[in-house]
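Have a look at the structure below before the remarks.
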Amino acid sequence: MKLRTGLVSGDRHVSVAEHDERVRRAAVGFTGLGIGVGDCVALLLRNDFAFIEATSAAQRLGAYAVPINWHFKAEEIRYILEDCDARALVVHADLIAGLADAVPAGVSVLVVETPPEIIAAYRIAPDLARPAPGATVWEAFLEAQDPALAAPPRSSESMIYTSGTTGRPKAVRRQLPTAEQAAKVIAMRTAIYGLEPGMRTAVSAPLYHSAPNSYGMNASRQGGLLMLLPRFDPEQVLAMIEQERLTHMFMVPTMFVRLTKLPPEVKARYDISSMRFIIHAGAPCPPDVKEAMIAWFGPIVHEFYGGTESGPAAYCTPQEWLAHRGTVGRAIDEATIEVITDDGRKAGVGETGEIFMRIHYYPDFTYHNQDEKRREIDRDGLITCGDVGYFDEDGFLYICDRKRDMVIVGGVNVYPAEIEAALAAMPGVRDCAVFGIPDAEYGEALIALVQPFAEGSLTAEAVRAYLKSRIADYKVPRRIEFRAELPREDSGKIFKRVLREPYWRDARRAI
213 MKLRTGLVSG DRHVSVAEHD ERVRRAAVGF TGLGIGVGDC VALLLRNDFA
263 FIEATSAAQR LGAYAVPINW HFKAEEIRYI LEDCDARALV VHADLIAGLA
313 DAVPAGVSVL VVETPPEIIA AYRIAPDLAR PAPGATVWEA FLEAQDPALA
363 APPRSSESMI YTSGTTGRPK AVRRQLPTAE QAAKVIAMRT AIYGLEPGMR
413 TAVSAPLYHS APNSYGMNAS RQGGLLMLLP RFDPEQVLAM IEQERLTHMF
463 MVPTMFVRLT KLPPEVKARY DISSMRFIIH AGAPCPPDVK EAMIAWFGPI
513 VHEFYGGTES GPAAYCTPQE WLAHRGTVGR AIDEATIEVI TDDGRKAGVG
563 ETGEIFMRIH YYPDFTYHNQ DEKRREIDRD GLITCGDVGY FDEDGFLYIC
613 DRKRDMVIVG GVNVYPAEIE AALAAMPGVR DCAVFGIPDA EYGEALIALV
663 QPFAEGSLTA EAVRAYLKSR IADYKVPRRI EFRAELPRED SGKIFKRVLR
713 EPYWRDARRA I
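Straight run, no breaks: the sequence shown in this note's numbering ends on number 723.
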């Protein structure tokens, strides 16, 4: 059976040649709207062809594609459109409803009909999926352009707004690369993502996030297959691997957890032998979960560490990880990573501190309209994403937790990520979050919020007993509470700020 190439989503398919033509048409159309080098094209889209097309077209012009988290409310969307001075907004039809006041004057709005697979995945009313009368429709916009008029391609990056867990989202605006920088970045991403001509991959993580965005855009240029899935479903992913003979995947650790907790008979039902390369990032991965993935898929599970600001500064092969269990890797070529203690010195082997890093050929960045925030994370040219970690004697880096998530219990530093990793491996646990809450005696105490697979299937006593068999007693949370669901970003990061707020509301302090 001949395998199809190009872009696939649901029952829709465009070939490699058709996709290239659509990108050139979009670039010509954007030029006609006055969009050029350094301008911004905002995207309020789920995982769809138009996302790849509009991003590729903007980058071809040297403009910035600005993905917007489609979960945002109208006020948040307006803030981003105004902050980046967007020249155009490409938006799914169902998402534009109710946003009339959120789109500043002068922004060209291009409406994409919401496709059937997204309607089904998110239970969208079909009448909302159709563009309103009088709207400029993406398909008609493309058809009106002559692809032969497309200018030679330039090079640019997406401008990603960070999560905003400590306030308003900040846009990471990277300088346009020189030819030498662009070549080195392409080579680096090719190695880390495992890119190869003809690769067959799928992306289910939201493309508005930095890592899946970078992976998806680079994968779309390999002449193979890129499947766009509206959301992650573990059994569906296994079915797609078998059906489309997928070879590569980008995932986040929560996807690993959901895959490994599938029943054995479901895992055995699908042929995954075509898979050659899995890359993961985005959040700490519980070691037991990663071991289970490697045992199942084989030694093809790679990892990188970095942030939107830094890029993937550390990388780890499966063989390196098995020899250094729990590591996120070593610094890649031409990158510097340092661990700095609270008193400002370089940490010794095994000593924890804040992680600072820099890929020296990666184009520098600023936070758009917030340059002072950029200076706050800089130390002698290295930048931090706010993580705490340490090096082993072989130079492998280990992440303890986010610095702001560290809990001080009776004067002792405790990292919730370690407890969460242990708890994630407990049978019956679907999801969990650990953080500090006010305590009159110790200053802070640990609480674990646990989402079980079945209501009433776990007890606090059972959770404590399990944790005491895996971690030191002082790290076992004093309080265990159960939740029907825990809020996570689509990137896999838990919304701890939302979870903490009720416990700290009356504490007269934030930590």
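Every residue, glycine too, gets a C-beta built ideally from N, C-alpha and C.
The structure presented is a predicted model; accordingly, all values stated were derived computationally and were not measured.
Checklist entry - Nearest-angstrom Cα distance between leucine 419 and alanine 674? => result Spanning the two alpha carbons is a distance of roughly 39 Å.
Next on the checklist: Runs of 4 residues minimum, wholly inside the segment 323-360: which ones carry the alpha helix (DSSP H) assignment?
Outcome noted: The segment 323-360 contains these whole alpha helix (DSSP H) runs: 328-334, 350-355.
Next on the checklist: Between the segment 468-480 and the segment 422-442, can you find at least three pairs of beta-carbon atoms closer than 8 Å?
Outcome noted: no
Checklist entry - Which one of Arg457, Thr466, Ala266 has the shortest CA to CA distance from serine 485? => result Arg457
Checklist entry - Buried or exposed: which applies to aspartate 339, given that a residue is buried once 16 or more other Cβ atoms fall within 10 Å of its Cβ? => result Exposed: under 16 other Cβ atoms inside 10 Å.
Item to check | Check whether aspartate 613 and valine 600 have beta carbons under 7 Å apart | outcome: yes
Next on the checklist: Threshold first: 4 residues or longer. Then list the alpha helix (DSSP H) segments lying entirely within the segment 605-668, N to C.
Outcome noted: 628-636
Checklist entry - Helix, strand or coil: how does DSSP classify threonine 553 here? => result coil
Next on the checklist: Taking its Cβ as the centre, do 16 or more other Cβ atoms sit within 10 Å of proline 343, making it buried, or is it exposed?
Outcome noted: By the Cβ neighbour-count rule, proline 343 is buried, with 16 or more other Cβ atoms within 10 Å of its own.
Checklist entry - How many whole angstroms separate the CB atoms of alanine 507 and glycine 518, which I take to be in contact at a CB cut-off of 8 Å? => result Approximately 27 Å separates the beta-carbon atoms of alanine 507 and glycine 518; this is outside 8 Å, ruling out the contact.
Checklist entry - According to DSSP, is aspartate 223 helix, strand or coil? => result coil
Item to check | Residues bridged to methionine 487 [DSSP beta-bridge criterion] | outcome: None, per the DSSP bridge assignment.
Checklist entry - Given valine 469, which residues of its chain have a CB within under 7 Å of its CB, disregarding the five upstream and five downstream residues? => result Val501, Ala636
Checklist entry - Whose C-alpha, out of Leu245, Asn259, Pro279, is nearest the C-alpha of serine 221? => result Of Leu245, Asn259, Pro279, the residue nearest in Cα terms is Asn259.
Checklist entry - Tell me which same chain residues have a C-beta within less than 7 Å of the C-beta of arginine 720, skipping the five on either side of it? => result Annotation note: pLDDT 48 at arginine 720 (below 50); position unreliable, coordinate value reported separately. So the list is empty, once near-sequence residues are dropped.
Checklist entry - What's the call for tyrosine 686, buried or exposed, on a 16-neighbour Cβ count within 10 Å? => result exposed
Next on the checklist: Which residue wins for smallest C-alpha separation from methionine 461, given the options Ala314, Ser368, Ile404?
Outcome noted: It is Ile404 whose Cα lies nearest to the Cα of methionine 461.
Next on the checklist: Is it buried or exposed, aspartate 223, if we count other Cβ atoms within 10 angstroms and call 16 or more buried?
Outcome noted: exposed
Checklist entry - For alanine 722, does the three-state DSSP call read helix, strand or coil? => result Reliability fails at alanine 722, whose pLDDT of 46 lies under 50, so the model's placement of it is uncertain and the value that follows must be treated cautiously. In this structure, alanine 722 counts as coil in the three-state DSSP scheme.
Checklist entry - Skipping 5 residues on each side, what residues in its chain have a beta carbon closer than 6 Å to that of phenylalanine 694? => result Residues of the same chain with a CB within less than 6 Å of the CB of phenylalanine 694, apart from the 5 flanking positions on each side, are Val662 in chain order.
Next on the checklist: Rounded to the nearest angstrom, what separates alanine 391 and glutamate 288 at their Cα positions?
Outcome noted: The alpha-carbon atoms of alanine 391 and glutamate 288 are separated by roughly 35 Å.
Item to check | Residues bridged to lysine 558 [DSSP beta-bridge criterion] | outcome: Ile552
Checklist entry - What residues match up with methionine 569 in a beta bridge as DSSP calls it? => result Answer is Ile549, Ile595.
Checklist entry - In whole angstroms, what is the alpha-carbon distance linking arginine 682 and arginine 591? => result In a straight line, the C-alpha of arginine 682 is about 37 Å away from that of arginine 591.
Checklist entry - Fully enclosed by the segment 260-333, which alpha helix (DSSP H) runs are 4 residues long or longer? => result 261-272, 286-295, 305-308
Item to check | threonine 671: first and last residue of the uninterrupted beta strand (DSSP E) it sits in | outcome: Unbroken run through threonine 671: none, as it is neither H nor E.
Checklist entry - Helix, strand or coil: which one does DSSP assign to leucine 534? => result helix
Item to check | Residues of its chain near phenylalanine 568, where Cβ-Cβ distance is below 7 Å and the 5 sequence neighbours each way are ignored | outcome: Glu550, Ile552, Arg591, Leu594, Ile595, Thr596
Checklist entry - In chain order, what residues of the same chain lie with their CB nearer than 6 Å to the CB of serine 432, ignoring the 5 residues before and after it? => result Ile264, Leu438
Checklist entry - Quick one, which of Arg335, Pro714, Arg717, Val619 has its alpha-carbon nearest valine 688's? => result Nearest C-alpha to valine 688: Val619.
Next on the checklist: Can you check which of these residues, Ala633, Ala652, Met638, is closest to valine 646 by C-alpha distance?
Outcome noted: Out of Ala633, Ala652, Met638, Ala633 has the C-alpha closest to the C-alpha of valine 646.
Checklist entry - Measuring CB to CB, does arginine 690 end up less than 7 Å from alanine 657? => result yes
Next on the checklist: For a test of the three-state rule: what should DSSP assign to histidine 421, helix, strand or coil?
Outcome noted: Coil.
Item to check | According to DSSP, residues forming a beta bridge with glutamate 515 | outcome: His492, Cys528
Checklist entry - Quick one: what does DSSP say tyrosine 482 is sitting in, helix, strand or coil? => result Three-state DSSP puts tyrosine 482 in coil, outside helix and strand.
Item to check | Under 7 Å between C-beta atoms of threonine 326 and alanine 356 | outcome: No, Cβ-Cβ distance for threonine 326 and alanine 356 is not below 7 Å.
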